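Take 1 as the starting number for the sequence shown in the UniProt record's numbering and just add one per residue. The beta-carbon is built from N, C-alpha and C at its ideal position, and this holds for glycine as well. Fair warning: this is a prediction, and the values are worked out from it, not measured in the lab.
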Amino acid sequence: MIQRTPASIEARLSGDDNRSWQQLLSDSITSPRELLARLDLPAEIWLAGAEAGHRLFPVRVPDPFLARMEKGNPADPLLRQVLPMDLETNTVEGFVTDPLQEDDAIQTTGLIRKYRSRALLMVTGQCAINCRYCFRRHFPYDEQRLSPADRQRVLDTLAASPEINEVIFSGGDPLAVNDQLLAQWASAISSIPHIRRIRLHTRLPVVIPQRVCNTLLKWISSTPVQVVIVLHINHPAEIDQPTRRALSYLRSAGATLLNQSVILRGVNDDAGVLEDLSEALFDAGVLPYYLHAFDPVAGAQHFDVSDDEARLLVRELLSRLPGFLVPRLVREVPGEATKTPIDLYSEAL
């Protein structure tokens, strides 16, 4: 069993806002008009395009994340990640609804197998925030809802697959569901002898830091296998003081914290921004892990950054940062046995 410091710390992250994380999730902005009004952006300029994008993929932004955006600035890098635009209605060759061909990797309802030793569990289709660049913005979550029989089938499949040593809680955002269910999953999966790690991919501790509550810390600290939390943070402005505090509580519960970013035009396609992000992550106890090339998902082509541009950015990072703070530049190629590293010194022909 992994020995951890008991997570007895009181996770008081609310500041002047006494709402629970569940209430903050429920109160998220789901209207383009409200989003623009809250940020003092003129509806006559932005609303028509925002509503066009919203019809394809609904807007969802929680208040704690909104509070970090600069009012009156349509180019704010946090807003850029969540503001629907009419550009999303364009059809561009090569940008598709299932860029990673995950439909072909579904082993049983709710369980995706893309790699030999890891399995991905679709805990929920719900997210706390709808990121416009999401590669699963078209994913058929309704088809992957888990019934009690499906849950048992997932556990049976994992138990019968000794090559699997890590289960990844994904979605949606796995932390969007209640801790009782997550604790049940963690307990059942960690009882399988060949499982060594449980990994969660999440944005919730960033967009709603109040999600890091005592019940979450309790089941993480009591899970008898390693717990790894991979955060999805793309810009240093996402890391405020409540977020840093939430991350410290997760570390106190024994979780290993990593980060993966997506390189996004207009958000972080700048060496200085990426440098500041790596430093801010490490200051918060998070190790930069991956910098993902953009997945070519339909409706988000305006975020795309070429591989050559990405190479130059990471080469610049190498000249500015120690190696352990430079995330690995990778692309996910459907059907490949692992993430594909992008050669930093191989220029496109």
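Buried versus exposed call for residue i [16 or more other C-beta atoms within 10 Å across all chains shown]
i, result
"aspartate 304", "buried"
"tyrosine 345", "exposed"
"asparagine 259", "buried"
"threonine 5", "Here the model assigns threonine 5 a pLDDT of 42, short of 50, so the residue's position is not dependable, and the following value carries that caveat. Exposed is the call here."
"proline 334", "exposed"
"histidine 194", "exposed"
"arginine 203", "buried"
"leucine 349", "At leucine 349, the pLDDT of 40 sits below 50, so the modelled position is not reliable and the matter cannot be decided from this model."
"lysine 114", "buried"
"glutamine 3", "Because the pLDDT at glutamine 3 is just 46, under 50, the model does not fix this residue reliably, and the value given afterwards should be weighed accordingly. Flag for glutamine 3 reads exposed."
Alpha carbon of residue i to alpha carbon of residue j, nearest angstrom
i, j, result
"leucine 217", "proline 148", "25 Å"
"arginine 137", "alanine 50", "16 Å"
"alanine 7", "arginine 251", "Confidence in alanine 7 is poor, its pLDDT being 41 and thus under 50, which makes the residue's placement too unreliable to answer from."
"arginine 328", "leucine 312", "13 Å"
"aspartate 307", "valine 262", "12 Å"
"glutamate 44", "leucine 25", "28 Å"
"arginine 320", "alanine 310", "15 Å"
"proline 84", "asparagine 18", "29 Å"
"isoleucine 342", "valine 330", "5 Å"
"glycine 110", "glycine 125", "10 Å"
"alanine 271", "arginine 132", "22 Å"
"isoleucine 112", "isoleucine 106", "4 Å"
"threonine 256", "valine 228", "5 Å"
"arginine 33", "isoleucine 164", "46 Å"
"threonine 89", "alanine 298", "9 Å"
"isoleucine 192", "serine 117", "14 Å"
"phenylalanine 294", "histidine 302", "10 Å"
"isoleucine 198", "aspartate 40", "42 Å"
"arginine 145", "threonine 108", "11 Å"
"glutamate 10", "tryptophan 219", "Residue placement at glutamate 10 is flagged as unreliable, the pLDDT there being 44, under the threshold of 50; the coordinate-derived value follows with that caveat. Taking the straight line joining both Cα atoms gives about 15 Å."
"phenylalanine 324", "aspartate 283", "13 Å"
Nearest candidate by alpha-carbon position, reference residue i, set the options
i, options, result
"glutamine 241", "Thr215, Ala280, Ile220", "Ala280"
"leucine 175", "Asp295, Asn165, His201, Ile164", "His201"
"glutamine 226", "Arg116, Val207, Glu166, His232", "Glu166"
"residue 351", "Val330, Asp76, Phe324, Phe135", "With the chain covering only 1 through 349, there is no way to say anything about residue 351."
"aspartate 233", "Gln81, Ser117, Arg116, Pro296", "A small fix is needed here, since residue 233 is isoleucine in this sequence, not aspartate. When each option's Cα is compared against that of isoleucine 233, the closest is Gln81."
"leucine 318", "Asp283, Pro296, Ala52, Leu274", "Leu274"
"proline 77", "Ile29, Asp98, Thr91, Ile239", "Ile239"
"valine 314", "Ser278, Pro99, Lys339", "Ser278"
"glycine 171", "Tyr290, Ser187, Ile129, Ile164", "Ile129"
"alanine 237", "Trp46, Phe65, Trp219", "Phe65"
"residue 350", "Leu36, Trp21, Leu291", "In the structure displayed, the chain extends from 1 to 349; residue 350 sits before or after that span and is not available."
Residue ranges of each alpha helix (DSSP H) within the segment 59 to 142, 4 or longer: 63 to 66, 77 to 80
Given 8 Å, three or more beta-carbon pairs between the segment 143 to 163 and the segment 54 to 61: no
Touch test, the segment 59 to 69 against the segment 205 to 213, Cβ-Cβ under 8 Å, three pairs minimum: yes
Whole beta strand (DSSP E) elements within the segment 167 to 248, 3-residue minimum: 197 to 202, 226 to 231
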